[in-house]
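Novice: Here's a structure for you.
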Amino acid sequence: LTAFIGYKAGMTHIVREVDKPGSKINKKDVVEAVTVLETPPMVIVGVVGYIETPQGLRAFKTIWAEHLSDDCKRRFYKRWYKCERKAFTKASKKWQDEAGIKEIQADFAKMIKYCKVIRVIAHTQMKLLHHGQKKAHIMEIQLNGGTIENKVNWAREHLEKQVPVDSVFAKDEMIDCIGVTKGKGFKGVTSRWHTKKLPRKTHKGLRKVACIGAWHPSRVRYTVARAGQKGYHHRTEINKKIYRIGKGTDKKNGSTEYDLTEKTINPMGGFPHYGLVNQDYVLIKGCCMGPKKRVITLRKSLLTHTKRSALEKIELKFIDTSSKFGHGRFQTHAEKKAFMGLLKKDLIKE
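Numbering (the working numbering), first residue to last: 2 to 351.
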């Protein structure tokens, strides 16, 4: 697979040792900001084959799995609670009789014979997250590597099966993040395009563009900065390094070889406006577009990386898990209890 879906949980910081021979900061500790993306396993529910035409790729065949979860089906309805929910009944019936199975096998054979590109349809599992969202996010993910027959057989074997994030990406890999930025609403020209403010005595406002163009051509050109929508734009950020891929089942997924404290990646009190990360997660360097809970597509990089920074092996010394709501002082609840001692609220409970 070449991509995966994650959900932005929040940010924290880490301490690591730089491995850059010849540099002034070689073998020294640096503090860096990181983003935590929760990535529960995705379920593969379909296979799509594409053929090459003079106009480009064209979808040739789409084969759906027998069973689709309600999370996935909800995405195809506007009013789920009012509908008869008959979507995909024809597709699932094909798997239940001999004639249908023969047709499916013929479709797979045609796919192997004619198609040049194979993609799988995968969806997220919203029940594993506690966002209040019920509709799964669905995407096509391209299969790379091997022959067309290998790809089709792999996709067929993995129908209705879960795919974890560590089977797609690896630690120290460079990836791209695709998503929608934070929405800011309708903003003025100074906020939106960072034009220079006009002098204090300017008539009818300072945060404007003084001249929006010449008399002729008698229209405003698209290159002139104007007020309008800011944020909620689709963006792709390239070259984000994966610092860690953590397992949700691991109670020490926030510990390191240097910091042996038993702790998870969750800060004290959870991530603000998100909650607790209980599933697998990806720790990437730097920031990432969008607010909390925003769906982010993680894609394998399209470039061949040769820079030292891209090939550097990352060894984390410390991951900060202090409270992100204010100035966090303690890393764990046990540390706080040991420092504060017996409190009045503890006596009241007793």
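No residue lacks a Cβ here, since even glycine has one placed at the ideal position from N, Cα and C.
#1: Tell me whether the beta-carbon of residue 187 lies closer than 8 Å to the beta-carbon of residue 143.
#2: Between the stretch 70 to 80 and the stretch 96 to 106, are three or more C-beta pairs nearer than 8 Å?
#3: Under 8 Å Cβ to Cβ from residue 278, same chain only, skipping five residues before and after it: list those, please.
#4: Quick check on residue 117: buried or exposed, where buried means 16 or more other Cβ atoms within 10 Å of its Cβ?
#5: For the alpha helix (DSSP H) containing residue 75, name the first residue and the last one.
#6: Once you ignore the five residues that flank residue 211 on each side, which residues in its own chain have a CB closer than 7 Å to its CB?
#7: So, helix, strand or coil for residue 312, using DSSP?
#8: Of all the alpha helix (DSSP H) runs that stay within the bounds of the stretch 47 to 116, which reach a length of 4 or more residues?
#9: For the beta strand (DSSP E) containing residue 13, name the first residue and the last one.
#10: In chain order, what residues of the same chain lie with their CB nearer than 8 Å to the CB of residue 293, ignoring the 5 residues before and after it?
#11: Taking its Cβ as the centre, do 16 or more other Cβ atoms sit within 10 Å of residue 325, making it buried, or is it exposed?
#12: DSSP three-state label for residue 225, please.
#13: Are residue 41 and residue 134 close, meaning C-beta to C-beta below 8 Å?
#14: Can you grab the Cα-Cα spacing for the pair residue 177 / residue 89, in whole Å?
#15: With respect to the alpha helix (DSSP H) encompassing residue 153, which residues constitute its N-terminal and C-terminal limits?
#16: Which residues does DSSP list as the beta-bridge partners of residue 1?
#17: What are the start and end residues of the beta strand (DSSP E) that includes residue 175?
#18: For residue 240 and residue 83, what's the separation of their Cα atoms in angstroms?
#19: Between 65, 185 and 242, which has its C-alpha nearest residue 309's C-alpha?
#20: Per DSSP, which residues does residue 264 bridge with? Please list them.
#21: Considering only residues of the same chain and omitting the five flanking positions on each side of residue 233, which have a CB-CB separation below 8 Å?
Specialist: Quick answer:
#1: Here residue 187 refers to the residue found at position 186 when the sequence shown is read from its first residue. Here residue 143 refers to the residue found at position 142 when the sequence shown is read from its first residue. Contact: no.
#2: no
#3: What you label residue 278 is simply residue 277 of the sequence shown in a count that begins at 1. Excluding residues within five positions, the ones whose Cβ falls inside 8 Å are 10, 37, 39, 249, 265, 266, 267 and 272.
#4: The residue labelled residue 117 in the question sits at position 116 within the sequence shown. Classification of residue 117: exposed, given that the 10 Å Cβ count is below 16.
#5: Walking along the sequence shown from the start, residue 75 turns up at place 74. Residues 71 to 75.
#6: In the sequence shown, residue 211 corresponds to position 210, counting from 1. Counting only Cβ-Cβ distances below 7 Å, and skipping sequence neighbours, we find 199.
#7: On the sequence shown, residue 312 is found 311 positions in, with the first residue counted as 1. Helix.
#8: 71 to 75, 90 to 95 and 99 to 115
#9: Walking along the sequence shown from the start, residue 13 turns up at place 12. Unbroken beta strand (DSSP E) run through residue 13: 4 to 18.
#10: Residue numbering aside, residue 293 sits at position 292 when the sequence shown is read from its first letter. For residue 293, where only same-chain residues beyond five positions count, the Cβ hits under 8 Å are 9, 10, 11, 272, 273, 274 and 275.
#11: One-based indexing of the sequence shown puts residue 325 at position 324. With 16 or more other Cβ atoms within 10 Å, it is buried.
#12: By 1-based counting over the sequence shown, the position of residue 225 is 224. Residue 225 falls in the coil class under three-state DSSP.
#13: Position 40 of the sequence shown, counted from the start, is the residue given in the question as residue 41. Position 133 of the sequence shown, counted from the start, is the residue given in the question as residue 134. Cβ atoms of residue 41 and residue 134: not closer than 8 Å.
#14: As a first step, residue 177 must be located in the sequence shown, where it is residue number 176. As a first step, residue 89 must be located in the sequence shown, where it is residue number 88. Looking at the two C-alpha atoms, the distance is approximately 33 Å.
#15: Within the sequence shown, residue 153 is the residue found at index 152, counting from 1. Start and end: 149 to 158.
#16: Not covered by the structure: residue 1. The range shown for the chain is 2 to 351.
#17: For this step, residue 175 is matched to residue 174 along the sequence shown. 175 to 181 is the span of the beta strand (DSSP E), which, as asked, contains residue 175.
#18: Looking up residue 240 in the sequence shown gives position 239. Looking up residue 83 in the sequence shown gives position 82. For the pair residue 240 and residue 83, the Cα-to-Cα distance works out to about 44 Å.
#19: The sequence position of residue 309 within the sequence shown is 308, counting from 1. Cα-wise, what sits closest to residue 309 is 242.
#20: For the purposes of this step, residue 264 is taken as residue 263 along the sequence shown, with counting starting at 1. Note: residue 264 sits in no beta bridge, so no partner.
#21: Here residue 233 is taken as the residue at index 232 of the sequence shown, counted from 1. Answer for residue 233: 181, 182, 183, 184 and 185, listed in chain order.
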